[in-house]
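Converting from the sequence shown to this note's numbering requires adding 286 to each position, the first position being numbered 1.
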Amino acid sequence: MKKRIQLLPDHVANQIAAGEVVQRPASVVKELIENAVDANAKHINLLVKDAGKTLVQVIDDGDGMTDTDARLSFERHATSKISKAEDLFKIHTKGFRGEALASIAAIAHLEMKSKTEDSEIGVQINIEGSEVSQQIPTVTPTGTSIAVKNLFFNIPARRNFLKSDSVELKHIIDEFQRVALAHPTINFKMIHNGNELFNLPTSNLRQRIVGIMGSKSNEKLVPVNEDTDLIKIRGFIGKPKYAKRSRGEQFFFVNNRYIKNNYLNHAITNAYEGLLKEKTHPSYFLYLEIDSERIDINIHPTKTEIKFDDQHAIYSILQSAIKHSLGQFNIAPVLDFEKDTSFETSYQQHQSPIKIPEIEVDRDFNPFRDENEKPTSQPSFQPERKSNPKNWEDLYNFESAIADSTESEQANLFEETQFKQASKCFQMHKKYIVAPFKTGILMMNQHRAHFRILYEELLKNITEQHAASQQLLFPLELQLNVHSIEIFKELKEALENTGFSFTKMTNQSVVINGIPDMIQESQVDQIIDELFSEFENELPETGFESNTILAKSLAKNMAIKNGVSLKEDEQQQLINSLFFCKDFLQTPDDKQIFINLSVDDIDKKFA
Ligand code: ADP
Ligand code: MG
């Protein structure tokens with residue numbers, strides 16, 4: 287019988303392994319920088335072209351390699367970092383699996399130059415898709431330079447799968463920052479398409495964090511220091527009032543390796559209990575040192591997940607260390623007299639009005655639902671309204687009439703409909719606007735209604751490229767870090783179309799001298815912060831998509847909050863404007879804006 291099982295040729299095995307190690311240009315960046323750190327480099331320079339699609343190059347002044355080692359480094363499982371299984375339990379280096387270079391060489395054009403301190407002359411090796419095309423002596427400084435070009439040249443599917451340059455660059459910056467934060471004593475530089483994005487000199491930890499996160503971050507940091515037999519914890523946490531909507535500034539290192547661990551993240555956020563605004567996340571830069579025999583970093587090829595011997599103990603030490611820091615630096619509410627003023631006017635308090643127990647609105651109640659039908663958790667008006675036009679006569683007539691009328695007709699029609707509003711509206715719970723109509727009663731959530739109105743207005747301004755702007759007497763300077771600069775560049779034009787205007791822009795900041803007339807100067811910081819956090823995780827591929835996200839984020843943050851009292855004419859204005867919207871049933875994030883109770887429904891309740 288013919289033999290069916292065959293050993294895969296090396297280059298195929300390498301390509302398969304590469305799939306695990308190299309997902310995108312950022313993975314190459316991670317592996318190359320980590321190798322430079324492992325080689326004891328003092329200076330590490332990262333050069334990137336076209337978000338790594340054309341070039342990723344890392345130049346270090348570390349130990350370098352002899353020509354034999356240089357050649358061997360591309361073999362799979364070739365590593366100088368461990369030699370026996372037991373070594374796996376005492377790892378002090380970033381790498382140890384010996385598969386990064388072999389993997390990268392299998393799927394790119396790679397050029398390595400390296401020289402050790404002791405050799406006069408260095409070596410240059412060129413590899414394309416695992417094939418060594420040349421190996422020659424070369425003049426090169428001590429250390430190693432590895433240039434990776436045309437990533438995925440031989441796996442077109444992979445290459446096509448790559449995201450836009452801004453998305454890929456963001457991933458690269460993430461990896462770069464993680465290593466740079468773990469090694470403040472090493473000089474790091476990053477250059478993208480000729481622009482220097484980072485230049486981080488040797489420094490202490492605090493300076494390194496500030497060098498990466500921007501000068502404004504300094505005042506936000508609180509030190510953490512805890513020594514126990516099991517672990518040492520050091521680093522910084524962000525003051526609660528600076529907590530952000532995104533998790534972008536959460537860094538957790540174990541033995542100087544960046545790792546992700548939800549369980550320990552929970553310990554950290556738990557320590558902030560009661561101190562954070564709703565839906566915000568604290569920043570942290572925490573460094574754990576633990577005996578390497580007590581952890582297992584071998585569970586994932588990219589080594590960002592690890593297992594601890596004693597998770598529970600670490601959880602509680604971590605949590606109490608953070609509580610301690612928050613308390614010591616006068617941030618926790620334990621010290622009532624000197625309470626940070628920011629807690630007095632917390633967002634949460636604003637947002638949760640005092641409850642009046644008698645009135646309850648059944649949010650699941652759907653006026654158009656058949657009695658026998660099972661209730662659905664998300665009542666939707668859209669599908670049912672066509673089949674039951676009677677109940678909501680006035681509004682629906684209004685709506686369809688609006689759809690095919692001219693603007694002046696709209697105004698007339700509108701007056702008519704408004705006229706049908708049986709009596710004045712009023713505000714309930716500082717949250718709902720209640721308006722009796724001839725056919726029933728309408729209850730509208732004020733925040734959601736305003737969210738929809740602003741959203742449509744902003745989107746219109748962005749696409750039509752005109753908006754009312756107010757000039758600021760004193761221009762505002764907005765501090766940006768490298769991340770947000772990239773996001774800002776993408777959004778600048780759309781922001782200008784909403785009424786923002788900008789003058790100076792550096793690598794660290796941008797000056798705002800005009801803002802949309804719909805917003806207050808005091809809101810700008812928060813609105814921009816929230817906006818950036820929307821884009822932090824993924825920059826959209828198309829302008830259209832980013833315009834919608836932009837309009838959504840701005841509108842949401844500009845909209846009247848629940849818990850705010852509204853004058854009667856403001857309430858009426860909200861109702862009126864809402865029904866001029868294209869889609870007045872739902873917020874841009876698909877939440878129901880109002881509910882309607884017809885007289886029929888009310889009658890049924892009394893049956
Ligand atoms: P690992 O890092 O897991 O050992 P790699 O494939 O990343 O595996 O690297 C293979 C070997 O090549 C390393 O063990 C190291 O000896 C050598 N090497 C790679 N990059 C460098 C560098 N920048 N400087 C010196 N030696 C390097
Ligand atoms: Mg490595």
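Glycine included, every Cβ here is placed at the ideal spot set by N, Cα and C.
task: State the DSSP-derived secondary structure class of Asn-504, mapped to helix, strand or coil.
output: Residue mapping note: residue 504 aligns to position 218 of the sequence shown, counting from 1. Looking at Asn-504 - three-state DSSP - the assignment turns out to be helix.
task: Measure from the alpha carbon of Pro-487 to the alpha carbon of each residue in Ile-477, Ile-472, Thr-365, then state which is nearest.
output: For the purposes of this step, residue 487 is identified with residue 201 of the sequence shown, where counting begins at 1. Among Ile-477, Ile-472, Thr-365, the Cα nearest to that of Pro-487 belongs to Ile-472.
- prompt: In terms of residue numbering, what span does the beta strand (DSSP E) encompassing Lys-518 cover?
  reply: Indexing the sequence shown from 1 puts residue 518 at position 232. Element bounds for Lys-518: 517-524.
message: Using the Cβ count rule (16 or more neighbours within 10 Å means buried), how would you classify Pro-423?
response: The residue you call residue 423 lines up with position 137 of the sequence shown. The residue in question, Pro-423, is exposed, as its Cβ has fewer than 16 Cβ neighbours within 10 Å.
Asn-511 - partner residues in DSSP beta bridges: Taking the sequence shown and counting its residues from 1, one reaches residue 511 at position 225. Note: Asn-511 sits in a beta bridge opposite Arg-520.
query: Would a C-beta distance cut-off of 8 angstroms place Pro-526 and Leu-561 closer than the cut-off?
result: Here residue 526 refers to the residue found at position 240 when the sequence shown is read from its first residue. Here residue 561 refers to the residue found at position 275 when the sequence shown is read from its first residue. Yes. Within cutoff.
task: Would you check if there are 3 or more beta carbon pairs closer than 8 angstroms linking the stretch 765-777 to the stretch 728-740?
output: no
task: Would you kindly work out how many angstroms separate the C-alpha atoms of Arg-357 and Met-351, rounded to a whole number?
output: To locate residue 357, count along the sequence shown from 1; it is residue 71. To locate residue 351, count along the sequence shown from 1; it is residue 65. Whole-angstrom Cα-Cα distance: 9 angstroms.
query: What are the residues that DSSP puts in a beta bridge with Thr-430?
result: The residue you call residue 430 lines up with position 144 of the sequence shown. DSSP, once it has assigned bridges, lists Asp-346, Ser-400 as partnering Thr-430.
field: First and last residue of the uninterrupted alpha helix (DSSP H) at Ser-602
entry: Position 316 of the sequence shown holds residue 602. Looking at the DSSP string, the run of the alpha helix (DSSP H) that includes Ser-602 is 597-614.
- request: Quick one: residues in its chain with C-beta nearer than 6 angstroms to the C-beta of Asn-440, no 5 flanking neighbours on either side, listed in chain order?
  value: Stepping through the sequence shown from its first residue, residue 440 is reached at position 154. Within the same chain, Asn-440 has close Cβ partners Gly-415.
query: Roughly how many angstroms lie between the CA atoms of Ala-337 and Glu-454, to the nearest whole one?
result: The residue given as residue 337 occupies position 51 in the sequence shown. The residue given as residue 454 occupies position 168 in the sequence shown. For Ala-337 and Glu-454, the distance between alpha carbons rounds to 6 angstroms.
query: Alpha carbon to alpha carbon, how far is Ala-303 from Arg-445?
result: Position 17 of the sequence shown, counted from the first residue, corresponds to residue 303. Position 159 of the sequence shown, counted from the first residue, corresponds to residue 445. Each residue's Cα considered, the two are about 16 angstroms apart.
field: Contacts around Ser-851, its chain only, beta-carbon distance under 8 angstroms, and the 5 residues preceding and following it disregarded
entry: As a working mapping, residue 851 is identified with position 565 in the sequence shown. Cβ neighbours of Ser-851 beyond the five flanking positions: Gln-713, Lys-716.
field: Exposed unless 16 or more other CB atoms sit within 10 angstroms - verdict on Thr-627
entry: Position 341 of the sequence shown, counting from 1, holds the residue named residue 627. Confidence is the limiting factor: at Thr-627 the pLDDT is only 36, short of 50, which leaves the residue's position unreliable, though a coordinate-based value still follows. Exposed, since its Cβ has fewer than 16 Cβ neighbours within 10 Å.
field: Span of the alpha helix (DSSP H), counted from its first residue to its last, around Phe-818
entry: The residue you call residue 818 lines up with position 532 of the sequence shown. Taken as a continuous stretch (DSSP letters only), the alpha helix (DSSP H) holding Phe-818 covers 810-822.
- prompt: Between the C-alpha atoms of Phe-866 and Thr-725, what's the straight-line distance to the nearest angstrom?
  reply: The residue given as residue 866 occupies position 580 in the sequence shown. The residue given as residue 725 occupies position 439 in the sequence shown. Those two C-alpha atoms are separated by around 20 angstroms.
field: Span of the alpha helix (DSSP H), counted from its first residue to its last, around Gln-732
entry: Residue mapping note: residue 732 aligns to position 446 of the sequence shown, counting from 1. Gln-732 -> alpha helix (DSSP H) spans 732-750.
Buried or exposed (CB count within 10 angstroms, at least 16 for buried), Ile-390: Taking the sequence shown and counting its residues from 1, the one referred to as residue 390 is at position 104. With 16 or more Cβ atoms within 10 Å of its Cβ, Ile-390 is classed as buried.
- request: Could you check what DSSP says for Pro-311 in three-state terms: helix, strand or coil?
  value: Here residue 311 refers to the residue found at position 25 when the sequence shown is read from its first residue. It is helical.
query: To which residues does DSSP link Ala-721 through a beta bridge?
result: As a position in the sequence shown, residue 721 is number 435, starting the count at 1. BP columns for Ala-721 point to Leu-728.
query: Going by the C-beta, is Asn-321 closer than 7 angstroms to any heavy atom of ligand 2?
result: Here the question's residue 321 lines up with position 35 in the sequence shown. The answer is yes for Asn-321.
task: Check whether the Cβ of Glu-306 sits closer than 7 angstroms to any heavy atom of ligand 2, and report yes or no.
output: For the purposes of this step, residue 306 is taken as residue 20 along the sequence shown, with counting starting at 1. Glu-306: no, Cβ never under 7 angstroms from ligand 2.
- prompt: Would you call Gly-480 buried or exposed, if buried means 16 or more other Cβ atoms sit within 10 Å of its Cβ?
  reply: In the sequence shown, counting from the first residue as 1, residue 480 sits at position 194. That one is exposed.
query: CB His-769 to CB Glu-822, shorter than 8 angstroms?
result: The residue given as residue 769 occupies position 483 in the sequence shown. The residue given as residue 822 occupies position 536 in the sequence shown. Yes, the pair counts as a contact, with Cβ atoms nearer than the cut-off.
- prompt: Within 7 angstroms: the Cβ of Glu-317 and any heavy atom of ligand 4?
  reply: By its list of ligands, the structure shown excludes ligand 4, since it contains just ligand 1 and ligand 2.
- prompt: If you drop the 5 nearest sequence neighbours on each side, which residues of the same chain put their C-beta closer than 7 angstroms to that of Gly-348?
  reply: In the sequence shown, counting from the first residue as 1, residue 348 sits at position 62. Here the set comprises Ala-322, Ala-325, Asn-326, Ala-327, Gly-429, Thr-430.
field: Arg-445, DSSP secondary structure in three states
entry: Here the question's residue 445 lines up with position 159 in the sequence shown. Of the three classes helix, strand and coil, the one that applies to Arg-445 here is helix, per DSSP.
query: By DSSP, does Gln-301 sit in helix, in strand, or in coil?
result: Here residue 301 is taken as the residue at index 15 of the sequence shown, counted from 1. Three-state DSSP puts Gln-301 in a helix.
Simplified DSSP state of Leu-572, which is helix, strand or coil: As a first step, residue 572 is located in the sequence shown; it is residue number 286 there, counting from the start. If DSSP states are grouped into helix, strand and coil, Leu-572 belongs with the strands.
Status (buried if at least 16 other CB within 10 Å, exposed otherwise) for Pro-295: Working through the sequence shown from its first residue, we reach residue 295 at position 9. Pro-295 should be labelled exposed.
message: Taking 6 angstroms as the limit between beta carbons, can you name the residues of its chain near Gln-765, skipping five residues before and five after?
response: To locate residue 765, count along the sequence shown from 1; it is residue 479. The residues are Gly-500, Lys-502, Ser-795.
query: Are the stretch 533-551 and the stretch 573-583 in contact at 8 angstroms, needing three or more beta carbon pairs?
result: yes
Sheet register partners of His-552 (DSSP bridge): Here residue 552 corresponds to residue number 266 of the sequence shown, with the count starting at 1. In DSSP, His-552 forms no bridge with anything.
- prompt: Counting Cβ pairs closer than 8 angstroms, one from the stretch 795-805 and one from the stretch 778-785, do we hit at least three?
  reply: yes
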